Amino acid sequence: MKKTFVKDALASTQYGVEMVVAGWVKTRRDSKAGLSFIEINDGSSFANLQVIAPNTLSNYASEVPRLHPGAAIQVVGTLEKSPAAGQAVEIHAKELIVLGFCDPMQYPLDKGRISFDRLREIAHLRPRTNTFGAVMRVRNTLAMATHQFFQSRGFYYFNAPEITASDAEGAGQMFQVTTLNLDKLPIDKETGKVDYSKDFFGRKANLTVSGQLEAETYACALGSVYTFGPTFRAENSNTTRHLSEFWMIEPEIAFADLNDDADLAEDYLRALFQAVLDKNPDDLDFFDKRVEKGIHADLQRLAESAFTRISYTEAVELLKKHADKFEYKPEWGIDLQSEHERYLTEEIFHGPVTVMNYPKDIKAFYMRQNDDGKTVAAMDVLLPKVGEIIGGSQREERLDRLEARMKELGMDLDTYWWYLDLRRFGTVPHAGFGLGFERMVRFCTGMGNIRDVIPFPRAPLSAEF
Ligand code: 4AD
Ligand code: MG
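No gaps in the numbering here: position 365 of the sequence shown is 1856 in our numbering, and each next residue is one more.
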């Protein structure tokens, strides 16, 4: 017989029908009347399924008393309407097979509430907790909703390389990829520097910080593409919103300007909120109760809300009026800090804000230069609590302007010859953005730390598992 998911059993009304269910024991309670009430969960839903095991089972005396939280069982039984409050159905077991016992003396999850810090040390077991099961289901919803959103708009799913020789953000925060023996590096006699022609790729290579530059090449042929893959940043930021390895979604659209880009970003965010509301109401209720009060209603409101759009210059003017609130004083030309982003979204606009046209000196080389000579056509979308969720821009499509900017920044133009070719052969206005996937999962779950919304977080001094 095929196994039925707990989720489907819970939704079924086929009383009296025999089925097979399997899962991990959450709780067990024995009655004096010779019945054991065993709650199991198989990950398919937030809710558990109650199995009633009668003492007529052949292994009742020998095995059922040894079923502690974490044990894995398979049950053949009939679905029955439950007389108890809080659940519609239950399974009356005819056969119970223990797949794996779980020793309560050793099982780290059997001890009541455990801190998220401690759970990070047992990241291989934490998906069995209510919280992490719910986080994972929301994460899955956001991934599928991403594909659905872009596919429905005619975007092609594009896979950017993970290993590259270019620095997409020009910020130098890259992990180097090498097969050279670090204890015995080959040195070029003439220059006295490491001879990378001896390295695996015959040149210096690194893990990508962003798939954007490569995505641009495909957008400038296929029109609209999006990446969805891991990206790596060797920035030494020990915060609740930075990871060394995070997933990014980067759409890139040809024949588009900054306003088209912002429209797309805002539609995409609303679609993501709506998907979680549609697919994960139970998980959201849990987060609402146990993690962040009001999150369910917040998402509901955001799924329908318009975003405020302001220029960077306006944002700084507003922040300056509240200068006493900040550690880092707002001034035209500074990069907005987390405290500024939160103040704009939480205190001034009470919702998402898209900030546009940043000073060119604090933004990446590829952003389109505005006519004022001071700013570039960049945008950041800010959300309450997490701050920057999206960074994007219209790209500089004018060869002379782009080359001039790269030279000004001391970049090696030869490494980017292919990127510059896009501006030589049929150049078009184009734009795109990157959404930090884990920041989005964090926002939709209310989880406080980004390390708790990715299965195995990588951060400075932390790469266990
Ligand atoms: O603003 P960023 O650096 O933009 C880019 O990488 C562009 N190439 C995107 C593009 O235009 N195609 O990063 C984009 C987003 C940020 O807004 C943030 O949400 C997330 O990626 N992000 C991080 N998330 C987790 N950990 C980190 N260390 C992150 N750095 C950026
Ligand atoms: Mg950014």
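We put the CB at the ideal spot given by N, CA and C, even for glycine. The structure presented is a predicted model; accordingly, all values stated were derived computationally and were not measured.
Distance from the Cα of Leu1911 is smallest, within the candidate group Gly1702, Gly1901, Lys1876 and Tyr1857, for Tyr1857.
With the rule of 3 Cβ pairs closer than 8 Å, the stretch 1877 to 1897 does not count as touching the stretch 1667 to 1679. With fewer than 16 other beta carbons inside 10 angstroms of its own, Phe1746 counts as exposed. Closest by C-alpha distance to Lys1770, out of Phe1537, Lys1517 and Pro1595, is Phe1537. Within the same chain, Glu1530 and Pro1560 come within 7 Å of Thr1518 by CB-CB distance, once the 5 residues on both sides are set aside.
Counting only runs of 4 or more residues that sit fully inside the stretch 1573 to 1646, the alpha helix (DSSP H) segments are 1607 to 1612 and 1621 to 1643, in chain order.
Assignment of beta strand (DSSP E) within the stretch 1704 to 1761, counting only whole runs of 3 or more residues, yields 1715 to 1723 and 1736 to 1745 in chain order. DSSP places Trp1823 outside both helix and strand once states are collapsed to three, so it counts as coil. Ile1588 and Asn1697 have their C-alpha atoms spaced approximately 50 Å apart. Residue environment analysis places His1831 among the buried positions, since at least 16 neighbouring C-beta atoms fall within 10 angstroms of its C-beta. Taken from the Cβ of Leu1633, every heavy atom of the ligand 4AD lies 7 Å or farther away. Distance from the CA atom of Ser1527 to the CA atom of Pro1556, rounded to whole angstroms, is 9 Å.
Around the Cβ of Val1542, a 10 Å sphere holds 16 or more other Cβ atoms; the residue is buried. Each of Asp1690, Val1566 and Thr1730 was checked against the Cα of Lys1494, and the nearest Cα belongs to Val1566.
Residue pairing for Leu1540: DSSP places it in a beta bridge opposite Ile1531.
The ligand MG never approaches Gly1591 closely enough for any of its heavy atoms to be under 7 Å from the residue's Cβ.
With a threshold of 16 other beta carbon atoms within 10 Å, Phe1641 meets it and is buried.
The beta carbon of Asp1773 sits closer than 6 Å to the beta carbons of Phe1537 from its chain, once the five residues preceding and following it are set aside; these are given in chain order.
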